[in-house]
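Okay, structure first, notes after.
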Amino acid sequence: AAEDKKTELNERFINFLVRNEKDKLYYFVLASQNPQEVLIVKSPSNNSEMKSFLGYEWSSAKGNEGIKYLGSATVEDLPEDDKDDALENIETLESDDKRVLTNLLNFQQINTPLYDPINNKNKEKINYWISQNFESKGINIPEDMHTFLTKSPLIDMLDFDRVAFSKQMTLTPKHKIVIVSKFDIHRLGDLVDVKIGGTPSRANDTFFKGNNLWVSISEMNGEVISDTKEKITDQAIQNSNVKLIPKGTTLLSFKLSIGKTAIAGKDLYTNEAIAGLIPKSNRILDQYIFQIFNAKLIDLDKTGLNTFGKSLNSGHLKSDVKIPLPPLSIQKKIIEECQSIDNEALRTNEAIRNEIFLIETAISDFINQGYPTKKLENIVQMNPSKREIADLDPNTIVSFVEMASLSEDGFIAEKVEKKLKEVKKGSYKYFAEEDIIIAKITPCMENGKCAIAKGLTNAIGFGSSEYHVFRVDESKILNQYLFAFLNRESIRRDAERNMTGSSGHRRVPDTFYKDLDIAIPPLEIQKKLVLEIEKHKSKIQEAKQILSTIAIRKEQVIKKYLS
335 AAEDKKTELN ERFINFLVRN EKDKLYYFVL ASQNPQEVLI VKSPSNNSEM KSFLGYEWSS
395 AKGNEGIKYL GSATVEDLPE DDKDDALENI ETLESDDKRV LTNLLNFQQI NTPLYDPINN
455 KNKEKINYWI SQNFESKGIN IPEDMHTFLT KSPLIDMLDF DRVAFSKQMT LTPKHKIVIV
515 SKFDIHRLGD LVDVKIGGTP SRANDTFFKG NNLWVSISEM NGEVISDTKE KITDQAIQNS
575 NVKLIPKGTT LLSFKLSIGK TAIAGKDLYT NEAIAGLIPK SNRILDQYIF QIFNAKLIDL
635 DKTGLNTFGK SLNSGHLKSD VKIPLPPLSI QKKIIEECQS IDNEALRTNE AIRNEIFLIE
695 TAISDFINQG YPTKKLENIV QMNPSKREIA DLDPNTIVSF VEMASLSEDG FIAEKVEKKL
755 KEVKKGSYKY FAEEDIIIAK ITPCMENGKC AIAKGLTNAI GFGSSEYHVF RVDESKILNQ
815 YLFAFLNRES IRRDAERNMT GSSGHRRVPD TFYKDLDIAI PPLEIQKKLV LEIEKHKSKI
875 QEAKQILSTI AIRKEQVIKK YLS
């Protein structure tokens, strides 16, 4: 009978739930009792970076098969006593013997972040932190090791949300993100539709000659977007995975520059690094969603969701991000008070834009005064070779500047000291004191990541392979003058149009910069322009100090109503 079937199904379902949830509970309790966080080691995916990570490569060349340790040592580097003990004349060694000896020498000097063959207590190596964690010692992972190491509670590495419990541990653990509130907490995906954008094929230039607004991360500045640098055609929309985002929708970046916000001032489209958060019902207001994320109450960039890479996904946003849902009357009060702070931010941003305009105008007027011009490649050395420091002691301490430490305000925010031998062999870019470094990859370039390298340890620096480096002859051109010329929005827009590569990995080729024409006035004239620009930059920094308080003030307003 139907009733008997229903009873049987319910009984089987309950038995399944009990077995399944009992299993989950058992492992949940076990994992929660582990007092020590799990240390996770991540290796690079890029082949050349993997070789540097391991310190060796595998050779399949005929007659030279096997592991080849990376290094510059040769049999001639053997200590004299060892040479005498081995053979009176090292020239009589067979080639295979030389290869084996060379490999052994390089093994003793292996350069890898994994371990130090001579000192297993080297705090700059991964094995040291593994041993510390294994011995249940509380560890704080150094900034320069974050590329390879992260920590997570064991309980976060198991997925208890799925019906089927596999007991598998994930190396990219999820972290629940919740704002403390007296109101009910909901998953973001239950309240909004998360619409992810896309990029039409760059191979078809006509796709970007339309009238439909298309937003990139560089345009996400916490304000209303009513126009965009690039616009796409109807054909581009039909032949790509872009999605229409209605006017008034909150925009949120969730890849690369994570957590940037804006509001769609018109119906528009976005690239794949931006999500449109569209309310599913009238229980939640667009502006309330915007204020929650704009106030950085949920700092997506520091939650751990983007472990080992500047990227989240829509699944994380929908299920792992949770926000409170107060009554509409409370939402409106939050919006009203935050809007007052936003208006102050708008006025401050307008003042900044005015100072930037004055800088652009000063440089343009300067260029148009008829001074002789030259191609940049004729007066600047680009991306100088590491061969300049080939004879330097490999234990020399140098500065390391990762991309995250390169400010969008034209300076280096943080430098980490490393030994030359740790950075020289990899793909890291070499630069020296007073060189100019500019990010070449999207969206870092568009966001204005650049600086004049100052205060480098032993006047030497290394950093991301995604830098372009410029070195001037100061008898002809000042580096501050060249920096002012290159650090302009007009140059960045031109550079963006000349990018090559696939979406998300587009880069500015060095040929773009080499082909730029630059006016070369006398040095005294260059100095006058630099001083004028510095005055405008000083006003910009004062305005940015005001902006730096905006999110904190809005957070205080929101917490006042939610707590």
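Position in the sequence shown (from 1) plus 334 gives the number in this note's numbering. Positions of the beta carbon are idealized from the N, C-alpha and C atoms, including for glycine.
Residue i to residue j, Cα distance in whole Å?
{"i": "Gly-643", "j": "Leu-850", "result": "Annotation note: pLDDT 42 at Gly-643 (below 50); position unreliable, no value reported."}
{"i": "Glu-458", "j": "Met-479", "result": "8 Å"}
{"i": "Ser-872", "j": "Arg-822", "result": "16 Å"}
{"i": "Asp-338", "j": "Lys-356", "result": "27 Å"}
{"i": "Arg-617", "j": "Asp-676", "result": "23 Å"}
{"i": "Pro-777", "j": "Ser-552", "result": "7 Å"}
{"i": "Val-655", "j": "Leu-634", "result": "9 Å"}
{"i": "Asp-415", "j": "Leu-754", "result": "Residue placement at Asp-415 is flagged as unreliable, the pLDDT there being 47, under the threshold of 50; the coordinate-derived value follows with that caveat. Taking the straight line from one Cα to the other gives about 29 Å."}
{"i": "Lys-752", "j": "Ser-377", "result": "19 Å"}
{"i": "Pro-718", "j": "Ile-746", "result": "19 Å"}
{"i": "Pro-728", "j": "Glu-736", "result": "20 Å"}
{"i": "Leu-639", "j": "Ser-653", "result": "For Leu-639, the predicted model reports a pLDDT of 44, less than 50, meaning its position is unreliable; a value from the coordinates is still stated below. Leu-639 and Ser-653: Cα-Cα distance of roughly 12 Å."}
{"i": "Tyr-403", "j": "Val-757", "result": "16 Å"}
{"i": "Tyr-762", "j": "Ser-615", "result": "50 Å"}
{"i": "Ser-809", "j": "His-802", "result": "22 Å"}
{"i": "Gly-472", "j": "Pro-507", "result": "20 Å"}
{"i": "Asp-418", "j": "Ile-444", "result": "No answer about Asp-418 holds up, because its pLDDT of 49 lies below 50 and its placement is not dependable."}
{"i": "Gly-523", "j": "Leu-651", "result": "7 Å"}
{"i": "Ile-348", "j": "Phe-362", "result": "20 Å"}
{"i": "Asn-813", "j": "Glu-868", "result": "14 Å"}
{"i": "Glu-678", "j": "Thr-504", "result": "44 Å"}
{"i": "Ile-884", "j": "Ile-892", "result": "12 Å"}
Which residue marks the beginning of the beta strand (DSSP E) containing residue i, and which one marks its end?
{"i": "Ile-892", "result": "Taken as a continuous stretch (DSSP letters only), Ile-892 belongs to no beta strand (DSSP E), being part of the alpha helix (DSSP H) at 884-896."}
{"i": "Arg-805", "result": "801-806"}
{"i": "Asp-851", "result": "851-853"}
{"i": "Lys-763", "result": "763-766"}
{"i": "Ile-794", "result": "794-797"}
{"i": "Phe-734", "result": "731-735"}
{"i": "Leu-586", "result": "584-587"}
{"i": "Tyr-847", "result": "No beta strand (DSSP E) contains Tyr-847, which is instead part of the alpha helix (DSSP H) from 844-848."}
{"i": "Glu-748", "result": "Element bounds for Glu-748: n/a, residue is neither H nor E."}
{"i": "Ile-771", "result": "770-773"}
{"i": "Cys-778", "result": "Where Cys-778 is concerned, there is no enclosing beta strand (DSSP E), given that its DSSP letter is neither H nor E."}
Which stretch, first to last residue, makes up the alpha helix (DSSP H) that contains residue i?
{"i": "Phe-819", "result": "813-820"}
{"i": "Ser-377", "result": "No alpha helix (DSSP H) holds Ser-377; DSSP gives it neither H nor E."}
{"i": "Lys-563", "result": "That residue, Lys-563, is in no alpha helix (DSSP H); it is neither H nor E in DSSP."}
{"i": "Val-576", "result": "Where Val-576 is concerned, there is no enclosing alpha helix (DSSP H), given that its DSSP letter is neither H nor E."}
{"i": "Glu-876", "result": "857-881"}
{"i": "Ala-609", "result": "Taken as a continuous stretch (DSSP letters only), Ala-609 belongs to no alpha helix (DSSP H), being part of the beta strand (DSSP E) at 608-613."}
{"i": "Glu-830", "result": "823-831"}
{"i": "Tyr-403", "result": "Tyr-403 -> not in any alpha helix (DSSP H); beta strand (DSSP E) instead, spanning 400-403."}
{"i": "Ser-366", "result": "336-366"}
{"i": "Ile-623", "result": "620-628"}
{"i": "Glu-711", "result": "First-last for Glu-711: undefined, no H or E at that position."}
{"i": "Glu-756", "result": "754-758"}
Would you please state the rounded distance, in angstroms, between the beta carbons of residue i and residue j? I believe it to be under 8 Å.
{"i": "Asp-568", "j": "Gly-593", "result": "With a Cβ gap of about 32 Å, Asp-568 and Gly-593 do not count as contacting."}
{"i": "Pro-660", "j": "Tyr-462", "result": "Actually they do not touch by this definition, with Cβ atoms about 48 Å apart."}
{"i": "Ala-785", "j": "Met-779", "result": "Actually they are not in contact, since the Cβ atoms of Ala-785 and Met-779 sit about 13 Å apart, beyond 8 Å."}
{"i": "Thr-584", "j": "Leu-881", "result": "Actually they do not touch by this definition, with Cβ atoms about 19 Å apart."}
{"i": "Pro-447", "j": "Phe-387", "result": "6 Å"}
{"i": "Ile-579", "j": "Thr-707", "result": "43 Å between Cβ atoms; not a contact."}
{"i": "Phe-804", "j": "Asp-769", "result": "7 Å"}
{"i": "Leu-710", "j": "Ile-852", "result": "6 Å"}
Looking at C-alpha atoms only, which residue of the options is the closest neighbour of residue i?
{"i": "Lys-485", "options": "Ser-653, Gln-370, Asn-453", "result": "Gln-370"}
{"i": "Ile-608", "options": "Val-576, Phe-700, Leu-726", "result": "Val-576"}
{"i": "Leu-790", "options": "Lys-749, Ala-885, Val-864", "result": "Lys-749"}
{"i": "Leu-547", "options": "Ala-537, Asn-538, Gly-532", "result": "Gly-532"}
{"i": "Ser-550", "options": "Leu-619, Ser-809, Glu-830", "result": "Glu-830"}
{"i": "Ile-519", "options": "Gln-703, Ile-874, Pro-658", "result": "Pro-658"}
{"i": "Glu-742", "options": "Ile-713, Ile-874, Pro-447", "result": "Ile-874"}
{"i": "Gly-704", "options": "Ile-693, Ser-470, Pro-856", "result": "Pro-856"}
{"i": "Glu-684", "options": "Asp-844, Asn-555, Asp-527, Leu-448", "result": "Asn-555"}
{"i": "Phe-541", "options": "Ile-713, Leu-820, Glu-564, Lys-529", "result": "Glu-564"}
{"i": "Ile-530", "options": "Glu-383, Ser-648, Asn-456", "result": "Ser-648"}
{"i": "Lys-358", "options": "Thr-730, Thr-595, Val-497", "result": "Val-497"}
{"i": "Arg-826", "options": "Gln-814, Leu-812, Phe-846", "result": "Phe-846"}
{"i": "Ile-489", "options": "Asp-828, Val-372, Gln-625", "result": "Val-372"}
{"i": "Glu-767", "options": "Val-806, Lys-783, Gly-760", "result": "Val-806"}
{"i": "Ser-535", "options": "Ile-571, Val-526, Leu-680, Ser-515", "result": "Ile-571"}
Using beta carbons (cut-off 7 Å, strictly below), is residue i in contact with chain B?
{"i": "Ser-648", "result": "No chain B is part of this structure, which consists of one protein chain only."}
query = Which parts of the stretch 639-706 are runs of the beta strand (DSSP E), unbroken and 3 residues or longer, counting only runs that do not cross its ends?
reply = 655-658
key: Runs of beta strand (DSSP E) wholly within the stretch 467-554 (minimum 3 residues, chain order)   = 483-486, 519-521, 526-530, 546-549
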